[in-house]
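Below is one structure, written out as structure tokens, with a few remarks after it.
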Amino acid sequence: MTRTRLTYAHRPARELLGIAAAEAGAWFLDRISGVFALGSMAHGGFAPEVSDVDIALVFDEIPADAAERVTALAEHVRALVPAEARPLADRLSVFWSDWPHLCRGEGAGRLPAVDRADFLEHGVLLTGHDLRHLCPRPDDGELVVESAHFAARKFGAEPYLALLRSPRRLLAAGAREATRAVLVPARVCRTLATGDVVRSDMAASWYAAQGLPAHHLVTAAATWRQDGLPLDTGEAERLLGRHLPLLHAHLAERIRQTLGPSAGADAAAACDRLTALSRPVS
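Under my numbering, think of the first position of the sequence shown as 299, with each following residue one higher.
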């Protein structure tokens, strides 16, 4: 059994991952082969106020009740941390799969293509065994199509659209929700254009360099992600009100171009709802 020290991240998040890794081993006894840090805790760019703390459990073979037990594990870990660490623990996100599926290039469990690519390229081994050299990377086509469907589901859902329609409500939800509403679409647009998966700050820089719709908002959101929302949110509210509909209309167009006739009724309807955000309200 080997351990690899995290080279990125701040101490509370690193300690949270350590607790989660240790508890996972006890929770599943000898079923887990490896535990890895993912996301910005592994590849850098971690923002303490907004970033998720991502961890991946890789089983020898996925247990039949894995989904329920992983959910229970996450709640157990959150209950273990002191009160001051609870906001961070609430952002613990547990991914899971097994080596047989990963070695066949399949994303069984909870490790979709985008996260699988991140796991293979940037994941940091916390404890256990690392067999990633035997696992193929998702091809660009799979990454692009899955990203398009993900964006349609996430941003085209009516509860989320209601939040997007109200910049004031979005800002009241905090820096995490406000920045994700801007930077996740920018990251998806980057993946749809290039087939790669990059950090939020890198995606924001790329988006701005392309001069794409709402790039001023994307640049501002990248700053909010690192520094927090401005004390006077008036300018942020104006930026969101003016540019957020344009950003999502552009995302919808990119999804349509990517999926074409194979989009399906649900994705097509979601794109229509996103496009409608940019239409004037009478």
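All C-beta atoms, glycine included, are put in the ideal place defined by N, C-alpha and C.
Roughly how many angstroms lie between the CA atoms of Ala406 and Ala518, to the nearest whole one? 37 Å
My output table needs one value for Arg402: the three-state DSSP class, helix, strand or coil. coil
Looking only at its own chain, which residues have a Cβ that is under 8 Å from the Cβ of Leu575, when we skip the five neighbours before and after it? Leu459, Leu462, Arg463, Leu542, Pro543, His546, Ala547
Smallest Cα separation from Thr411: which of His447, Pro380, Leu378? One detail in the question is off: residue 411 reads as Ala in this sequence, not Thr. Here the closest residue by C-alpha is His447.
Give the range of the alpha helix (DSSP H) segment to which Thr521 is assigned. 513-525
Where Ala387 sits in the DSSP three-state scheme: helix
Note down the Cα distance separating Thr300 from Arg309, rounded to an integer number of angstroms. With a pLDDT of only 49 at Thr300, under 50, the local geometry of the prediction cannot be trusted, and the value read off the model is given with reservation. Using only the alpha carbons, I get a separation of about 21 Å.
Starting from Thr425, follow the beta strand (DSSP E) in both directions and report where the run begins and ends. 422-426
Using the Cα positions of Asp428 and Val333, report the straight-line distance between them to the nearest angstrom. 9 Å
How is Ala411 classed by DSSP in three states: helix, strand or coil? helix
Taking Ala318 as part of the alpha helix (DSSP H), name the residues at either end of that continuous run. 309-325
Mind listing, in chain order, the continuous alpha helix (DSSP H) runs of no fewer than 4 residues lying wholly within the segment 431-481? 438-453, 456-462, 465-470
Looking only at its own chain, which residues have a Cβ that is under 7 Å from the Cβ of Ala365, when we skip the five neighbours before and after it? none
Just how far apart, CA to CA, sit Val451 and Val486? What sits at residue 451 in the sequence shown is Arg, not Val. Their Cα atoms are separated by approximately 13 Å.
Using the three-state DSSP reduction, which class does Phe417 fall into: helix, strand or coil? helix
Sorted by chain position, which residues of the same chain lie with C-beta nearer than 6 Å to Ala345's C-beta, five sequence neighbours on each side aside? Arg523, Gln524
Taking 9 Å as the threshold (C-beta atoms), are Ala354 and Phe453 in contact? no
Exposed or buried, Gly337, counting other C-beta atoms within 10 Å across all chains shown (16 or more means buried)? buried
What does a CB cutoff of less than 8 Å around Leu469 pick up in its chain, not counting 5 residues either side in sequence? Ala476, Leu527, Thr531, Ala534, Glu535, Leu538
Taking all protein chains shown into account, decide if Thr369 is buried (16 or more other Cβ within 10 angstroms of its Cβ) or exposed. exposed
Under the assumption that Glu347 contacts Arg474 (Cβ atoms under 8 Å), give the Cβ distance between them as a whole number of angstroms. 7 Å
Could you spell out where the beta strand (DSSP E) holding Ser331 opens and where it closes? 330-336
Val496 lies in the beta strand (DSSP E); which residues open and close that run? That residue, Val496, is in no beta strand (DSSP E); it is neither H nor E in DSSP.
Considering only residues of the same chain and omitting the five flanking positions on each side of Trp394, which have a CB-CB separation below 8 Å? Ala354, Leu355, Val356, Phe357, Ile360, Ala364, Val368, Gly407, Arg408, Leu409
Are Ala550 and Leu572 touching if we call contact CB-CB under 9 Å? yes
Would you list the one or two residues that DSSP bridges to Trp394? Leu355, Arg408
Measure from the alpha carbon of Arg389 to the alpha carbon of each residue in Ser445, Leu314, Val443, then state which is nearest. Leu314
As a quick exercise: from Leu423, Ala484, Ala512, pick the residue whose alpha carbon is nearest that of Ala502. Ala484
From Ser580 to Arg540, what does the alpha carbon distance come to, in whole angstroms? At Ser580, the pLDDT of 40 sits below 50, so the modelled position is not reliable; the number obtained from the coordinates is stated separately. The straight-line gap from Cα to Cα measures roughly 16 Å.
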